[in-house]
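Chemist: One structure, pasted below without further comment.
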Amino acid sequence: MLLPETDSRNGRAYVSAGLTLLRNLIAGRPTGWVVDLRGNRGGDMHPMLTVVAPLLGEGERGRFIGPDGDASSWGVRRGHVYNGGKTAFRWRRIPAARTEPVAVLTDRHTASSGEAVLISFLGARNTRTFGEPTAGYATANQTFRLSDGARLAITTAFMADRTGRTYGNEPIAPHEHTMNAPHEHVKSPDDTRKNPDDTHDRVLDTAIAWLAERR
Numbered sequence: 001m002l003l004p005e006t007d008s009r010n011g012r013a014y015v016s017a018g019l020t021l022l023r024n025l026i027a028g029r030p031t032g033w034v035v036d037l038r039g040n041r042g043g044d045m046h047p048m049l050t051v052v053a054p055l056l057g058e059g060e061r062g063r064f065i066g067p068d069g070d071a072s073s074w075g076v077r078r079g080h081v082y083n084g085g086k087t088a089f090r091w092r093r094i095p096a097a098r099t100e101p102v103a104v105l106t107d108r109h110t111a112s113s114g115e116a117v118l119i120s121f122l123g124a125r126n127t128r129t130f131g132e133p134t135a136g137y138a139t140a141n142q143t144f145r146l147s148d149g150a151r152l153a154i155t156t157a158f159m160a161d162r163t164g165r166t167y168g169n170e171p172i173a174p175h176e177h178t179m180n181a182p183h184e185h186v187k188s189p190d191d192t193r194k195n196p197d198d199t200h201d202r203v204l205d206t207a208i209a210w211l212a213e214r215r
């Protein structure tokens with residue numbers, strides 16, 4: 001399941017399309033899930049988390065840790081994504097929580113809110129990550145307007161997973177560091193080439209092999 005970046009303006013259309021895809025996949029009775037965060041540079045984390053909420057399950061799934069150690073959590077409550085104790089994104093008819101194992105794919109372009117989605121899976125049972133270390137922007141930032149009209153963005157918190165492990169400006173390493181060789185072509189959604197032999201994705205293959213062991 002490819003989970004691209006999005007922003008708040010396109011959030012509802014994003015969730016509608018994502019949950020439609022998720023329901024179709026559920027109908028196929030999957031034995032495991034692949035969540036592909038490669039190339040997800042961030043945006044609004046709440047629509048992204050809403051799409052994968054059934055795979056995350058109920059409860060706290062991450063935290064923002066401020067400079068004084070104050071924590072504000074995010075997660076899933078009754079199927080809806082919350083942040084800081086308040087519902088951050090509400091959607092009717094969210095699919096029920098799933099229990100199958102989840103493989104999460106990352107690369108050096110997975111950043112910011114993309115990393116927040118990754119962190120939401122970290123610490124879960126039956127979850128493993130594959131690919132490359134992320135960009136290293138697992139932070140919350142606040143923009144301040146200066147007297148001359150300029151704007152200054154300052155990091156106000158680091159992200160932490162459900163176990164309390166804090167991330168921040170360091171890339172998040174996957175459980176299994178796997179890279180596609182330079183000569184290998186990974187098929188993108190807009191790739192129109194007909195021959196399936198032209199494509200190969202070693203990262204995805206490794207993740208699928210891990211999932212197959214857990215059937």
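Residues 1 to 215 in the UniProt record's numbering are what the sequence shown spells out, letter by letter.
Just so it is clear, CB atoms sit at the ideal spot from N, CA and C, and this is done for glycine as well.
Small disclaimer: the values here were computed from a predicted structure and weren't measured.
(1) Would the beta-carbon of G57 fall within 8 Å of that of A97?
(2) Return helix, strand or coil for T163, following the three-state DSSP convention.
(3) Given a threshold of 16 other Cβ atoms within 10 Å of its Cβ, counted over all protein chains shown, does D36 qualify as buried or as exposed?
(4) May I have the straight-line CA-CA distance separating A153 from R145, to the nearest angstrom?
(5) For P189, name the three-state secondary structure that DSSP assigns.
(6) Could you spell out the range, first to last residue, of the alpha helix (DSSP H) harbouring T50?
(7) Going by other Cβ atoms of all chains shown within 10 Å of its Cβ, with 16 needed for buried, is P101 buried or exposed?
(8) Check whether the Cβ atoms of M159 and A138 lie closer than 8 Å to each other.
(9) Whole alpha helix (DSSP H) runs in the stretch 81-144 with 4 or more residues, listed along the chain?
(10) So, helix, strand or coil for D36, using DSSP?
(11) Mapping DSSP to helix, strand and coil, what is R214?
(12) State yes or no: is the C-beta of V51 within less than 8 Å of the C-beta of G131?
(13) Should G69 go down as buried or exposed, given a rule of 16 or more other Cβ atoms within 10 Å for buried?
(14) By Cβ distance, which residues of its chain are closer than 7 Å to A173, with the 5 residues on each side in sequence left out?
(15) Evaluate the contact criterion for the stretch 83-91 versus the stretch 110-125: three or more CB pairs, one atom per stretch, below 8 Å.
(16) Quick one: is S8 buried, meaning 16 or more other Cβ sit within 10 Å of its Cβ, or exposed?
(17) Quick one: grab the DSSP three-state call for I65.
(18) Does G28 come out as helix, strand or coil in the three-state DSSP assignment?
(19) Could you check if R61 is buried or exposed, using at least 16 other CB atoms within 10 Å of its CB as the buried criterion?
(20) Hey, could you find the ends of the beta strand (DSSP E) A150 is sitting in?
Modeler: Concretely, from the data shown:
(1) yes
(2) coil
(3) Buried: at least 16 other Cβ atoms inside 10 Å.
(4) 9 Å
(5) Legend: pLDDT at P189 = 46, less than 50; position of this residue unreliable, value from coordinates given subsequently. DSSP places P189 in coil when its eight states are reduced to three.
(6) 45-56
(7) buried
(8) yes
(9) 113-121
(10) strand
(11) coil
(12) no
(13) exposed
(14) P133
(15) no
(16) exposed
(17) In the structure shown, I65 sits in a strand (DSSP, three-state: E or B).
(18) coil
(19) buried
(20) From DSSP, A150 is part of no beta strand (DSSP E); its letter is neither H nor E.
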